[in-house]
């Protein structure tokens with residue numbers, strides 16, 4: 001074996017550490033190129049509106065204005081974030097066509113010699129908009145007569161023809177009949193902006209060989225390259241993406257929003273083009289974590305075993321789905337929690353509203369399930385009259401259990417994690433809980449299953 | 451409006467920039483002089499990533515018109531780095547992994563430099579007070595506070611060594 005394989009068990013200095021402490025690390029916006037142009041967006045001032053007309057004449061007279069890009073300039077004017085892995089429909093536009101569905105939606109890209117000139121020209125674009133009714137709440141969006149956000153006639157993402165992601169195990173309604181207690185809860189979470197310290201941005205540079213080098217702070221470099229190639233209708237070999245240095249992302253830089261349009265602007269002008277978000281854009285336009293509303297109904301026995309769990313969840317996707325359907329799938333797989341429950345029914349809806357689109361953020365879909373479920377577990381403990389530790393040990397999943405989405409549990413660690421947590425916080429666990437393990441249940445003992 | 455020429459001292463040398471009124475020191479450093487260690491997090495005085503020292507005092511360069519530093523002494527992270535090796539603060543940040551994405555690090559280091567120049571033996575409260583205007587969105591505040599303490603200790607040991 002090679003003698004340089006010796007890092008396990010030792011601290012290793014980060015390869016980018018010297019750059020970070022000396023300021024020599026080059027983040028995207030630290031780069032500059034001769035003749036570099038600046039791109040700024042004309043954005044919708046309304047939550048929902050028809051675009052009746054656009055007047056660029058005053059903008060074009062601003063000193064330093066170079067050109068404007070509209071929907072007609074974009075070869076394939078659809079964001080294809082999940083399209084790469086076969087998830088449809090493509091419903092979001094790179095630049096709006098006849099309708100805007102959220103406040104801040106991009107309509108026209110302005111390219112100018114300086115950032116100041118670009119902002120000045122943006123302010124001079126005259127939009128003729130006809131305001132439409134808007135909806136901002138997931139339950140209101142599902143009521144009959146609600147304003148429709150999508151182009152297919154209802155406000156839900158369709159999962160294989162169904163308006164929600166569904167998981168079924170056993171028969172919850174029958175188990176509710178047998179339960180000693182019914183415990184219900186409604187849990188709401190707010191949208192959260194990832195707020196990376198470095199805002200989203202890129203610089204697209206035309207090269208002499210006909211390729212485009214794109215310096216970007218995306219969290220998903222090749223994903224971004226593939227999506228940009230589809231939108232621009234060019235072979236991937238025409239694009240060279242340079243990244244890996246990201247000033248914070250937390251899920252906020254996976255949506256491939258800036259690279260395609262900046263590269264298109266570089267193609268149209270044959271000059272380097274920089275497109276970086278202002279802090280206001282990062283907060284008000286870039287994807288946030290979704291707001292969720294989660295309804296839980298549990299059937300519980302007198303000794304604290306959960307025999308039925310029904311979860312109905314609504315994620316507010318905002319005006320476009322981006323990565324939220326993927327979050328819903330993760331959510332549905334985890335919405336029963338790390339517990340062995342024999343009867344489970346989960347309906348998880350990805351709901352369109354006229355709010356800012358939402359997408360990935362740290363454990364998206366699962367984090368909100370955990371928040372709701374663990375508060376619910378405390379409520380169950382209170383109802384049954386046992387402490388919050390005990391209720392979780394009683395219901396903890398074991399290796400060999402079947403999860404509601406038909407995944408065999410092979411790596412259960414809840415019991416051991418809780419035992420370690422109890423030790424760390426100095427909580428005395430009773431001997432029977434201290435003696436438990438996640439090992440498969442004894443033959444003949446079904447862990448509360450019917 | 452016409453541009454004016456503003457001269458100031460940057461890291462020990464005289465520089466001149468030609469600026470339109472209300473150009474920020476941040477913009478002059480980054481866009482004209484190529485000194486990009488000074489970061490842009492918010493450009494509205496909210497994050498501290500653009501902190502530089504003006505006559506030894508920490509200032510938010512995104513809110514400072516460059517005319518205001520005419521004839522003044524400006525220090526950025528570039529000039530903290532010695533010809534050989536690293537400044538004790540840089541070394542302490544590196545040794546204790548007091549950064550994740552690194553974007554807040556320049557501002558953190560400049561605030562820490564001003565703190566240790568004024569108060570070579572800061573306690574924890576002094577350090578956290580000094581950092582109140584600087585955001586780390588990776589939320590690695592604990593290691594940053596510890597690194598500054600480690601650097602202060604290293605600088606005292608070094609001075610005592612030289613005094614003997």
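Residue numbers (this note's numbering), protein chains in the order written: chain A, 1 to 450; chain B, 451 to 614.
All C-beta atoms in this analysis are idealised placements derived from N, C-alpha and C, irrespective of residue type, glycine included.
Since the model is a prediction, treat every value here as computed from it, not as a measurement.
- Along the length of the stretch 472–519 of chain B, whole alpha helix (DSSP H) runs at least 4 residues long do not occur.
- A distance below 8 Å between beta-carbons, with the five flanking residues on each side excluded, links residue 262 of chain A to the following residues of its chain, in chain order: 39, 202, 203, 204, 214, 273, 274 and 275.
- With fewer than 16 other CB atoms across the displayed protein chains lying within 10 angstroms of its CB, residue 144 of chain A is exposed.
- Taking the Cα positions, residue 285 of chain A is about 53 Å away from residue 431 of chain A.
- Residue contact check for residue 360 of chain A against chain B: no CB pair falls below 9 Å.
- One thing to note: residue 307 of chain A has its Cβ no nearer than 9 Å to the Cβ of residue 412 of chain A.
- Near chain B, meaning a CB-to-CB distance below 7 Å, no residue of the stretch 121–146 of chain A qualifies.
- DSSP places residue 317 of chain A within a strand segment (E or B) once states are collapsed to three.
- At a cut-off of 9 Å between beta carbons, residue 224 of chain A makes no contact with chain B.
- Contacts with chain A (Cβ-Cβ distance below 9 Å) from the stretch 493–506 of chain B involve 493, 494, 496, 497 and 499, listed in chain order.
- Chain-order list of chain B residues neighbouring residue 30 of chain A: 486, by C-beta distance under 7 Å.
- Following the DSSP letters along the chain, one finds residue 52 of chain A inside the beta strand (DSSP E) bounded by residues 49–55.
- Residues of chain B with a Cβ closer than 7 Å to the Cβ of residue 279 of chain A are, in chain order, 492, 493 and 494.
- Scanning the stretch 27–103 of chain A for uninterrupted beta strand (DSSP E) segments of 3 residues or longer gives 37–43, 49–55 and 65–69, listed from N- to C-terminal end.
- The beta carbon of residue 21 of chain A sits closer than 9 Å to some beta carbon of chain B.
- A direct Cα-Cα distance of roughly 7 Å separates residue 594 of chain B from residue 549 of chain B.
- In chain order, 211 and 213 place their CB closer than 6 Å to the CB of residue 240 of chain A, counting only its own chain and leaving out the 5 sequence neighbours on each side.
- In the three-state reduction of the DSSP assignment, residue 331 of chain A falls in the helix class.
- For residue 525 of chain B, the pairing in a beta bridge is given by DSSP as B:503.
- Annotation: Cβ neighbours of residue 527 of chain B in chain A (cutoff 8 Å, chain order): 22 and 23.
- Between the C-alpha atoms of residue 530 of chain B and residue 128 of chain A there is a straight-line separation of about 53 Å.
- When Cβ-Cβ separations below 9 Å define contact, residue 33 of chain A makes no contact with chain B.
- For residue 240 of chain A, the enclosing beta strand (DSSP E) stretches over residues 239–242.
- For residue 415 of chain A, the uninterrupted alpha helix (DSSP H) run begins and ends at 414–424, by DSSP.
- Listed in chain order, the positions of the stretch 170–181 of chain A with a beta carbon within less than 7 Å of a beta carbon of chain B would be empty, since no residue qualifies.
- Of the candidates A:332, A:151, A:392 and A:407, A:332 places its Cα closest to the Cα of residue 294 of chain A.
- Boundaries of the alpha helix (DSSP H) harbouring residue 225 of chain A: 221–232, taken from the DSSP string.
- Residue 113 of chain A and residue 66 of chain A do touch by the CB rule: their CB atoms are close to 6 Å apart, below 8 Å.
- Counting only Cβ-Cβ distances below 7 Å, residue 196 of chain A has contacts in chain B at 587, in chain order.
- Uninterrupted alpha helix (DSSP H) stretches at least 4 residues long and entirely within the stretch 246–284 of chain A occur at 259–269 and 279–284, given in chain order.
- Under the three-state reduction of DSSP, residue 462 of chain B is assigned to coil, being neither helix nor strand.
- The beta-carbon of residue 599 of chain B is placed no less than 9 Å from the nearest beta-carbon of chain A.
- Between residue 62 of chain A and residue 117 of chain A, the C-beta gap is smaller than 9 Å, which places the two residues in contact.
- Between residue 18 of chain A and chain B, the shortest Cβ-Cβ separation is below 9 Å.
- Here residue 468 of chain B is exposed, its C-beta having fewer than 16 other C-beta atoms within 10 Å.
- Of the candidates B:496, B:502, B:474 and B:518, the residue whose Cα lies closest to the Cα of residue 583 of chain B is B:496.
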